[in-house]
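A.B. asks: Top line first, the protein sequences correspond to chains A and B. Using the UniProt record's numbering, read the first sequence as starting at 1 and increasing by one per residue. Using the UniProt record's numbering, read the second sequence as starting at 1 and increasing by one per residue. Don't be surprised by glycine CBs; every beta carbon is placed ideally from N, CA and C. Values in this document were obtained by computation on a predicted structure and should not be read as measured data. Here it is, the structure, as structure tokens.
Number of protein chains: 2
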Amino acid sequence: MILTVTLNTALDVTYRVPRLRPHDSHRVTEVAQRPGGKGLNVARVLSALGHEVVATGFAGGPVGAVLRTLLASRAPAVTDALVPCAGSTRRTLAVVDAATGDTTQFNEPGPLITAPEWAEFLNTYNRLVRGAAAVALCGSLPPGVPVGAYAVLVRTARAAGVPVLLDTSGEALRRGVAARPEMIKPNAAELAELTGSRDPLPATRDARRRGAHAVVTSLGPDGLLATTTEGTWQAAPPRTLSGNPTGAGDSAVAGLLSALVEGLDWPGRLARAVALSAATVHAPTAGEFDPRTYEEVRGSVKVTQPQGQERP
Amino acid sequence: MILTVTLNTALDVTYRVPRLRPHDSHRVTEVAQRPGGKGLNVARVLSALGHEVVATGFAGGPVGAVLRTLLASRAPAVTDALVPCAGSTRRTLAVVDAATGDTTQFNEPGPLITAPEWAEFLNTYNRLVRGAAAVALCGSLPPGVPVGAYAVLVRTARAAGVPVLLDTSGEALRRGVAARPEMIKPNAAELAELTGSRDPLPATRDARRRGAHAVVTSLGPDGLLATTTEGTWQAAPPRTLSGNPTGAGDSAVAGLLSALVEGLDWPGRLARAVALSAATVHAPTAGEFDPRTYEEVRGSVKVTQPQGQERP
Numbered sequence: 001m002i003l004t005v006t007l008n009t010a011l012d013v014t015y016r017v018p019r020l021r022p023h024d025s026h027r028v029t030e031v032a033q034r035p036g037g038k039g040l041n042v043a044r045v046l047s048a049l050g051h052e053v054v055a056t057g058f059a060g061g062p063v064g065a066v067l068r069t070l071l072a073s074r075a076p077a078v079t080d081a082l083v084p085c086a087g088s089t090r091r092t093l094a095v096v097d098a099a100t101g102d103t104t105q106f107n108e109p110g111p112l113i114t115a116p117e118w119a120e121f122l123n124t125y126n127r128l129v130r131g132a133a134a135v136a137l138c139g140s141l142p143p144g145v146p147v148g149a150y151a152v153l154v155r156t157a158r159a160a161g162v163p164v165l166l167d168t169s170g171e172a173l174r175r176g177v178a179a180r181p182e183m184i185k186p187n188a189a190e191l192a193e194l195t196g197s198r199d200p201l202p203a204t205r206d207a208r209r210r211g212a213h214a215v216v217t218s219l220g221p222d223g224l225l226a227t228t229t230e231g232t233w234q235a236a237p238p239r240t241l242s243g244n245p246t247g248a249g250d251s252a253v254a255g256l257l258s259a260l261v262e263g264l265d266w267p268g269r270l271a272r273a274v275a276l277s278a279a280t281v282h283a284p285t286a287g288e289f290d291p292r293t294y295e296e297v298r299g300s301v302k303v304t305q306p307q308g309q310e311r312p
Numbered sequence: 001m002i003l004t005v006t007l008n009t010a011l012d013v014t015y016r017v018p019r020l021r022p023h024d025s026h027r028v029t030e031v032a033q034r035p036g037g038k039g040l041n042v043a044r045v046l047s048a049l050g051h052e053v054v055a056t057g058f059a060g061g062p063v064g065a066v067l068r069t070l071l072a073s074r075a076p077a078v079t080d081a082l083v084p085c086a087g088s089t090r091r092t093l094a095v096v097d098a099a100t101g102d103t104t105q106f107n108e109p110g111p112l113i114t115a116p117e118w119a120e121f122l123n124t125y126n127r128l129v130r131g132a133a134a135v136a137l138c139g140s141l142p143p144g145v146p147v148g149a150y151a152v153l154v155r156t157a158r159a160a161g162v163p164v165l166l167d168t169s170g171e172a173l174r175r176g177v178a179a180r181p182e183m184i185k186p187n188a189a190e191l192a193e194l195t196g197s198r199d200p201l202p203a204t205r206d207a208r209r210r211g212a213h214a215v216v217t218s219l220g221p222d223g224l225l226a227t228t229t230e231g232t233w234q235a236a237p238p239r240t241l242s243g244n245p246t247g248a249g250d251s252a253v254a255g256l257l258s259a260l261v262e263g264l265d266w267p268g269r270l271a272r273a274v275a276l277s278a279a280t281v282h283a284p285t286a287g288e289f290d291p292r293t294y295e296e297v298r299g300s301v302k303v304t305q306p307q308g309q310e311r312p
């Protein structure tokens, strides 16, 4: 079983409008809703890859209830181990302009998590992590959760001998990295914020020195750059696929974690992660992956070792 | 008791963002929710004016449940006589740009109302209308409700001897007017659509010939123009008040209806409606009215009779 943690779950709402005009009134022609927050996106992809997945984090209020109903109605199933909170789960809204395909995004703030709710979550996490083959800690922290939360969760997983991937940003990432997770998966902006460097290769190596055993940096359409105990690799898709990048990073996390659990080596893990990302960008629905593109791409991802790499 | 009908209720959601930038991602700094749809707005104002109000229409799904909870938590209370429907009540979203104060509006489509749900509503309406001093029929029709719905509801009220105000647009207004409601309250655009004329005075008179006993046209900051069995009046606020016009028309409806029930003459009804409208535009929260502005303005509304008016 793979455990995914989404402390700041969201109900992802998508509005389609004929054309977005600021300060105008719009008839919404289509409304779609699905469980969201990075960890729940990762859980959905893991489950589609055939892995048993348990999702924890918080859900509360009427929006949380809708999220849980939608989570339960999906096949293949993700086991719902979300902890109830008194505050209401946030919504995110993507307004898609049908004329251009462009998306305008609105993210509500998360609910305030109380100290007893955080304690209840820690109990749930401590119990679940012992049965997990790997853990994904994903996304932002809702108000009320201590900023060092991910460091605590990383240490618990490591004490239980369970590999943990951390995918967050800012201070939560900085604190979490110091607790020595198995992997982090920043994008270029998150990596620059962590290390102060905009040059991906030295920045990726710097992030590893801060504590992560492996740093996998997503470079958008150029693929992934990984610095690990076994060496440094760059993995790129065979060609640039057009589409919507929403969720591509979450699919990469699912690829890395599923391949880790299945015992693949680094080139294998990276090839899977890049193929899943590309198949997500190329899918007709934002955040889903297209299985045909995945099968087609994963055999032809180019995994190379940059010149002048450090010996492990 | 005044009965308000809102067939297409809505949960009105307001997002405040620092600055709206199309195709960008926005952190929502404030989220507000309240029961909406024109008839529920009218009910809120009537209730604040001290009238006993019963609100009917449809509410369904998780959004409908939130709407009913919010309706129940308001003081002074509006009696909830909403009929459950299987579809989910729609949301409307107003995105307020904090830098400019401008609002961008998104309106979800309403739930599909089934034939048994419509029959159930008619039972409820027929029962409630007999105990009402006046009825307000407000807003758009959700999918599934017959386009002649308002004509049926007007006739039922008239058969029970209860005066009825109809505030809708398009084909629903055209059909409803023919059933001879006591009052309609179009804005200039709705009136032009109904009559084909953009000149308010002849258009207002034309609308009256189509069946309404009185036509009160809202002219935005210029106030109201009324053609009635007793004469024609124009009512204007003493000065233009700056602010957000959202809900000003609904406040005018509440003013007209409450004054009718209290036995005020036409100049008195129009003065109240104009003062409530102005106090709504001037209120800090969109769609609420500012009681101080209302008290201050209502004594100084200018009610005049245009030159060359028809004798009643």
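What are the boundary residues of the alpha helix (DSSP H) that includes A:G61?
C.D. replies: Run containing A:G61: 61–73, per the alpha helix (DSSP H) assignment.
A.B. asks: Beta carbons nearer than 9 Å to chain A: which residues of the segment 16–40 of chain B have them?
C.D. replies: Taking 9 Å as the Cβ-Cβ cut-off against chain A, the residues of the segment 16–40 of chain B that qualify are V17, L20, R21, P22, H23, D24, S25, H26, R27, V28, T29, E30, V31.
A.B. asks: What does B:T104 touch in chain A if you count any residue whose Cβ is under 7 Å from its own?
C.D. replies: Under the 7 Å cutoff, chain A gives P22, H23, D24.
A.B. asks: At a CB distance below 7 Å, what residues from the segment 62–84 of chain A approach chain B? Give them in sequence order.
C.D. replies: Listed by position, the residues of the segment 62–84 of chain A near chain B (Cβ gap below 7 Å) are P62, A65, V66.
A.B. asks: Using alpha carbons as the reference points, say which of A:P22, A:A273, A:R127 lies closest to A:A160.
C.D. replies: Measuring from the Cα of A:A160, the nearest candidate turns out to be A:R127.
A.B. asks: With a threshold of 8 Å, are at least 3 pairs of Cβ atoms found where one atom belongs to the segment 157–171 of chain B and the other to the segment 179–198 of chain B?
C.D. replies: Cβ pair count under 8 Å is three or more, so yes.
A.B. asks: What residues are listed by DSSP as bridge partners for A:Q33?
C.D. replies: Per DSSP, A:V13.
A.B. asks: At 4 residues or longer, what runs of the alpha helix (DSSP H) sit wholly inside the segment 206–270 of chain A?
C.D. replies: Whole alpha helix (DSSP H) segments, 4+ residues: 248–261.
A.B. asks: Quickly, what does DSSP pair B:P84 with across the bridge? List them, please.
C.D. replies: The partner list for B:P84 (beta bridge, DSSP) reads B:A59.
A.B. asks: So if I threshold CB-CB distances at 7 Å, which residues from the segment 143–157 of chain A count as touching chain B?
C.D. replies: The residues in question: there are none.
A.B. asks: Between which two residues does the alpha helix (DSSP H) holding A:T293 run?
C.D. replies: 291–298 is the span of the alpha helix (DSSP H), which, as asked, contains A:T293.
A.B. asks: My guess is that A:V13 and A:H26 are in contact by the Cβ rule of under 8 Å, so how many angstroms apart are they, rounded?
C.D. replies: A:V13 to A:H26, Cβ: 14 Å. No contact.
A.B. asks: So B:V95 contacts chain A; which residues on that side make the cut at Cβ distance below 8 Å?
C.D. replies: Here the neighbours are F106.
A.B. asks: Please report the straight-line C-alpha distance between B:P111 and B:S88, rounded to a whole angstrom.
C.D. replies: Rounded to the nearest angstrom, the two C-alpha atoms are 5 Å apart.
A.B. asks: By the criterion of Cβ-Cβ separation under 8 Å, what are the contact partners of A:P109 in chain B?
C.D. replies: The answer, in chain order, is R27, V28, T29, V31.
A.B. asks: Measure the C-alpha to C-alpha separation of B:S251 and B:G131 and round it to an integer number of angstroms.
C.D. replies: Their backbone Cα atoms lie some 23 Å apart in a straight line.
A.B. asks: Under a three-way DSSP split, which group does A:V78 fall into?
C.D. replies: Three-state result, A:V78: coil.
A.B. asks: With DSSP as the reference, please indicate the residues paired to B:I184 in a beta bridge.
C.D. replies: Paired residue(s): B:L166, B:V215.
A.B. asks: Is the beta carbon of A:R272 within less than 7 Å of some heavy atom of the ligand SAH?
C.D. replies: The ligand SAH is not among the ligands present in this structure, which contains no ligands whatsoever.
A.B. asks: Spell out the partners DSSP gives B:R91 in its beta bridges.
C.D. replies: Answer by DSSP bridge pairing, in chain order: B:L11.
A.B. asks: Tell me which residue opens and which closes the alpha helix (DSSP H) that A:T124 is part of.
C.D. replies: Per DSSP, A:T124 belongs to the alpha helix (DSSP H) from 115–129.
A.B. asks: Give the straight-line distance between the Cα atoms of B:T246 and B:D97, rounded to the nearest whole angstrom.
C.D. replies: Cα-Cα distance, rounded: 15 Å.
A.B. asks: Should the segment 283–300 of chain A be called in touch with the segment 133–145 of chain A, which here means at least 3 C-beta pairs below 8 Å?
C.D. replies: At 8 Å Cβ cutoff, the stretches do not touch.
A.B. asks: Pull up the distance between the alpha-carbon of B:L46 and that of A:A279, whole angstroms please.
C.D. replies: So the alpha carbons of these two residues sit roughly 55 Å apart.
A.B. asks: On the CB-based measure, 16 or more other CB atoms within 10 Å of its CB, does A:G249 come out buried or exposed?
C.D. replies: With 16 or more Cβ atoms within 10 Å of its Cβ, A:G249 is classed as buried.
A.B. asks: Counting Cβ pairs, one atom from each stretch, are 3 or more of them under 8 Å apart for the segment 22–38 of chain A and the segment 233–244 of chain A?
C.D. replies: Touching, no, given that fewer than three Cβ pairs across the two stretches are closer than 8 Å.
A.B. asks: For A:S140, which three-state DSSP category applies?
C.D. replies: It is coil, neither helix nor strand.
A.B. asks: In whole angstroms, give me the CA-to-CA distance for A:T6 and A:D80.
C.D. replies: Approximately 11 Å, taken between the alpha carbons.
A.B. asks: Within 8 Å, do at least three Cβ pairs link the segment 285–297 of chain B to the segment 60–80 of chain B?
C.D. replies: The segment 60–80 of chain B is not in contact with the segment 285–297 of chain B.
A.B. asks: So for A:V281, helix, strand or coil by DSSP?
C.D. replies: DSSP places A:V281 in helix when its eight states are reduced to three.
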